[in-house]
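When you line the sequence shown up against the working numbering, it's residues 73 to 198, in that order.
Where is the CB? At the ideal position from N, CA and C, for every residue including glycine.
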Amino acid sequence: MSRRVSLPGASELFGGAAPKQTRPEKRTTPDGSALADRPSPNGRSSTAVVDDRKSSGRIRHDTKITVYVTEEELIGLEQARLALRKEHGLSADRGRIVREAIDVLLADFVDHGPDSVLVRRLKASE
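Printed below as a string of structure tokens:
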């Protein structure tokens, strides 16, 4: 008699389609109106840039980009990951932290346009 344990194969573990992402909550202004209803400072709809952004979190991602970072940036990212685990009890991989950071930055850009952190930092680096 074999002492081998029968384990599921990769197709059984990873075979299904990725879970469907639910539509993110609409973000609103303090007066209760939807941000999409509010014109941006440059006259364009805020949905022209980003439509109701929310980080994708822990789902399977089919699209990939490669970003080169400095050693200091990578160390900072890893230190943030470890601090999230140690100080806040949150387990997140570097990819998830980057996706959250992108979401926060894009939301700020949609909300504040020329006064956003992204625009200020890009102008400062010129």
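**Message:** Please state the DSSP three-state secondary structure of Arg-192.
**Reply:** helix
**Item:** Cβ-Cβ distance between Leu-162 and Leu-154 below 7 Å
**Value:** no
**Item:** Nearest residue (CA-CA) to Tyr-140, options Asp-175, Arg-132 and Leu-149
**Value:** Leu-149
**Item:** Cβ neighbours of Ala-164 in the same chain (closer than 7 Å, five flanking residues each side left out)
**Value:** Arg-153 and Leu-156
**Asked** Are the Cβ atoms of Asp-211 and Val-189 separated by less than 7 Å?
**Response** Beyond the ends of the chain as shown, which are 73 and 198, falls residue 211; an answer cannot be given.
**Message:** Could you compute how far the alpha carbon of Gln-151 sits from the alpha carbon of Thr-138?
**Reply:** 21 Å
**Message:** Please report the straight-line C-alpha distance between Arg-166 and Glu-159, rounded to a whole angstrom.
**Reply:** 17 Å
**Prompt:** Where does the unbroken alpha helix (DSSP H) through Gly-148 begin, and where does it stop?
**Reply:** 143–160
**Asked** Three-state secondary structure (DSSP) at Pro-80?
**Response** Three-state result, Pro-80: coil.
**C-alpha gap between Asp-109 and Leu-79, whole angstroms** = Note that Asp-109 scores 47 on pLDDT, short of 50, meaning its location in the model is unreliable and no value can be drawn from it.
**Asked** Does DSSP put Val-139 in a helix, in a strand, or in coil?
**Response** coil
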